[in-house]
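Comments concern the structure below.
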Amino acid sequence: MREFRPGRFQILPTVIKNLLIINVLMFIARQTIQTGNYTPMDDLFALHTWQSPLFKPWQFVTHLFMHGSIGHIFSNMFALWMFGSVLENLWGPKRFLTFYIVCGLGAALMHMTVLYFESNSLLNDYNALLQHFNFGTFENFFVQHHVAEYMPNTNYSEIADQYRNNPNNPLAAHQASLLIEGFKDAQLNEPTLGASGAIFGCLAAFGYLFPNTYIYIYFFLPLKAKWFVLIYAGFELVMALQNSAGDDVAHVAHLGGALFGLALVYFWNKTNRQTFY
Numbered sequence: 002m003r004e005f006r007p008g009r010f011q012i013l014p015t016v017i018k019n020l021l022i023i024n025v026l027m028f029i030a031r032q033t034i035q036t037g038n039y040t041p042m043d044d045l046f047a048l049h050t051w052q053s054p055l056f057k058p059w060q061f062v063t064h065l066f067m068h069g070s071i072g073h074i075f076s077n078m079f080a081l082w083m084f085g086s087v088l089e090n091l092w093g094p095k096r097f098l099t100f101y102i103v104c105g106l107g108a109a110l111m112h113m114t115v116l117y118f119e120s121n122s123l124l125n126d127y128n129a130l131l132q133h134f135n136f137g138t139f140e141n142f143f144v145q146h147h148v149a150e151y152m153p154n155t156n157y158s159e160i161a162d163q164y165r166n167n168p169n170n171p172l173a174a175h176q177a178s179l180l181i182e183g184f185k186d187a188q189l190n191e192p193t194l195g196a197s198g199a200i201f202g203c204l205a206a207f208g209y210l211f212p213n214t215y216i217y218i219y220f221f222l223p224l225k226a227k228w229f230v231l232i233y234a235g236f237e238l239v240m241a242l243q244n245s246a247g248d249d250v251a252h253v254a255h256l257g258g259a260l261f262g263l264a265l266v267y268f269w270n271k272t273n274r275q276t277f278y
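Final position of the sequence shown in this note's numbering is 278; the numbers increase by one with none missing.
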């Protein structure tokens, strides 16, 4: 067995370098244009569910270059450099870029599929509520869809109390319906952004090709790549199944990127039985 060692001038290969530059420039532009809590670039370039009026086809690609915070972009770009550099040095820039885009698109497709069914369920419940609107159906909707957890900064309790105490008051009912409409719109227009799906594909490929290479967790705890990938994937699967209210991490996209990455590297490696360390 042999260990992969990048040669001179390969610590920051071409595609990785350009991906880092594009992501950083997009992050700076997003932060610069942002006004309060409104981020115009998210409406245009982040990924939205098919049922959202903000959805555009190009978002399948552009969302890969969008990040929401310093911590978000730093962790993703560090992982991209750490695992992606090895893969680009191994495959070359064209194959690596193909791999990266396929993983990103695969992750987005799986995430969008889940969003489609979730959004359909929300829209069906919303339309049913409007047809039979009263405090009981209003309360059931909010409990079922965890509105108080998704919208912690709203005056839901105050509106609910006013409606409860005055169920025949048209103004109270109107305020309650506006709150529901705002929740529905916020859910449909919630943006998905980040390169995590494509990066999980890189992680899965690294674990497949270099299963016994040690990864140092927090630069201290050594763990073989194969176990790191399996543990991380298991965690993402559990979190995806839990689907906790208020969890804004696209766990299904992470798993989708890993699955597409693993499938692609397995296909490419079928005729190449060379063993890496």
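Ideal Cβ positions, reconstructed from N, Cα and C, are used throughout, including at glycine.
Pick from Gly198, His146, Pro41 that is closest to Phe184, judged by C-alpha positions: As a position in the sequence shown, residue 184 is number 183, starting the count at 1. Among Gly198, His146, Pro41, the Cα nearest to that of Phe184 is on His146.
Coil, strand or helix - Pro223 by DSSP: Taking the first residue of the sequence shown as 1, we reach residue 223 at position 222. DSSP places Pro223 in strand when its eight states are reduced to three.
Ala259 in three-state terms, based on DSSP: As a first step, residue 259 is located in the sequence shown; it is residue number 258 there, counting from the start. Taken through DSSP and simplified to helix, strand or coil, Ala259 comes out as helix.
Residue span of the beta strand (DSSP E) that contains Tyr215, given as start and end: Here the question's residue 215 lines up with position 214 in the sequence shown. In the DSSP annotation of this structure, the continuous segment of the beta strand (DSSP E) that includes Tyr215 starts and ends at 215-218.
For Ile200 and Asn77, believed in contact at Cβ under 8 Å, the rounded distance: Sequence index remark: in the sequence shown, residue 77 carries index 76 (1-based). Sequence index remark: in the sequence shown, residue 200 carries index 199 (1-based). Right, their Cβ atoms sit about 6 Å apart.
Cβ shell of Trp82 (< 8 Å), same chain only, five flanking positions each side left out: Along the sequence shown, one-based indexing puts residue 82 at 81. Counting only Cβ-Cβ distances below 8 Å, and skipping sequence neighbours, we find Leu13, Ile17, Leu21.
C-alpha gap between Gly69 and Ile216, whole angstroms: The residue given as residue 69 occupies position 68 in the sequence shown. The residue given as residue 216 occupies position 215 in the sequence shown. Straight-line measurement puts the Cα of Ile216 at about 26 Å from the Cα of Gly69.
Pro7 (DSSP reduced to helix, strand or coil): As a position in the sequence shown, residue 7 is number 6, starting the count at 1. In this predicted model, Pro7 has a pLDDT of only 46, less than 50, meaning its place in the structure is not dependable enough to derive any value.
Whole-angstrom distance between Thr114 and Pro171, CA atom to CA atom: For this step, residue 171 is matched to residue 170 along the sequence shown. For this step, residue 114 is matched to residue 113 along the sequence shown. Straight across, the Cα-Cα distance linking Pro171 with Thr114 is about 38 Å.
Distance between beta carbons of Ser53 and Asp189, contact taken as under 8 Å: Indexing the sequence shown from 1 puts residue 189 at position 188. Indexing the sequence shown from 1 puts residue 53 at position 52. Before going further, note that residue 189 is Leu rather than Asp in the sequence given. Rounded to whole angstroms, the Cβ separation of Leu189 and Ser53 is 5 Å, and the two are in contact under 8 Å.
Option nearest Ala241 by Cα separation, candidates Val253, Asp249, Ala109, Lys227: Numbered from 1 along the sequence shown, position 240 holds the residue referred to as residue 241. Of the residues Val253, Asp249, Ala109, Lys227, the one whose Cα lies closest to the Cα of Ala241 is Val253.
For Tyr39: DSSP bridge partner residues: Sequence index remark: in the sequence shown, residue 39 carries index 38 (1-based). Tyr39 has Thr36 as its beta-bridge partners, per DSSP.
Cutoff 7 Å; reference Gly37; Cβ partners in own chain excluding five residues on either side: In the sequence shown, the residue the question calls residue 37 occupies position 36. Hits under 7 Å: none found.
Boundaries of the alpha helix (DSSP H) in which Asn128 is found, first to last residue: Residue mapping note: residue 128 aligns to position 127 of the sequence shown, counting from 1. Residues 94-132.
Nearest-angstrom Cβ-Cβ length linking Leu88 and Phe207, presumed shorter than 8 Å: Counting from 1 along the sequence shown, the entry for residue 88 is found at position 87. Counting from 1 along the sequence shown, the entry for residue 207 is found at position 206. Rounded, the Cβ-Cβ distance is 7 Å, consistent with contact.
Cβ-based burial, Ser86 [other Cβ within 10 Å; buried from 16]: Looking up residue 86 in the sequence shown gives position 85. Looking at its Cβ environment, which holds 16 or more other Cβ atoms inside 10 Å, Ser86 is buried.
Beta-ladder partner(s) of Leu48, from DSSP: Taking the first residue of the sequence shown as position 1, residue 48 is located at position 47. Beta-bridge pairing links Leu48 to Thr193.
As assigned by DSSP and simplified to three states, the class of Asn167: Here residue 167 corresponds to residue number 166 of the sequence shown, with the count starting at 1. Residue state, collapsed to three classes: coil.
Nearest-angstrom Cα separation, counted from Leu26 out to Leu124: Against the sequence shown, residue 124 aligns to sequence position 123. Against the sequence shown, residue 26 aligns to sequence position 25. One C-alpha to the other measures close to 36 Å.
Limits of the alpha helix (DSSP H) - the one that Phe139 falls within: Residue 139 sits at position 138 when you count from the first residue of the sequence shown. 136-145 is the span of the alpha helix (DSSP H), which, as asked, contains Phe139.
Cβ-based burial, Asp186 [other Cβ within 10 Å; buried from 16]: Here residue 186 refers to the residue found at position 185 of the sequence shown. Within 10 angstroms of the beta-carbon of Asp186 lie fewer than 16 other beta-carbons, which makes it exposed.
Asn77, enclosing alpha helix (DSSP H) - first and last residue: Stepping through the sequence shown from its first residue, residue 77 is reached at position 76. First-last of the alpha helix (DSSP H) with Asn77: 71-80.
Whole-angstrom distance between Lys95 and Phe56, CA atom to CA atom: Counting from one through the sequence shown, the residue named residue 56 turns up at place 55. Counting from one through the sequence shown, the residue named residue 95 turns up at place 94. Computed Cα separation, rounded: 29 Å.
Close beta carbons around Ala205, own chain, < 8 Å, minus the five adjacent residues each side: Stepping through the sequence shown from its first residue, residue 205 is reached at position 204. Only Val230, Ala234, Gly258, Ala259, Leu260, Gly262, Leu263, Val266 meet the Cβ criterion.
Spatial neighbours of Phe46 in its chain, beta-carbon cut-off 6 Å, leaving aside the 5 residues before and after: Position 45 of the sequence shown, counting from 1, holds the residue named residue 46. So the qualifying residues of the chain are Thr63, Met67.
Opening and closing residue of the alpha helix (DSSP H) in which Phe61 lies: Residue mapping note: residue 61 aligns to position 60 of the sequence shown, counting from 1. Judged by DSSP secondary structure, Phe61 falls within the alpha helix (DSSP H) whose first and last residues are 60-63.
Residue nearest to His133 in terms of C-alpha spacing, selected from Pro58, Ser178, Ala226, Trp59: Sequence index remark: in the sequence shown, residue 133 carries index 132 (1-based). The residue with the shortest Cα to Cα distance from His133 is Ser178.
Burial state of Gln60 (16 or more Cβ within 10 Å): By 1-based counting over the sequence shown, the position of residue 60 is 59. Within 10 angstroms of the beta-carbon of Gln60 lie 16 or more other beta-carbons, which makes it buried.
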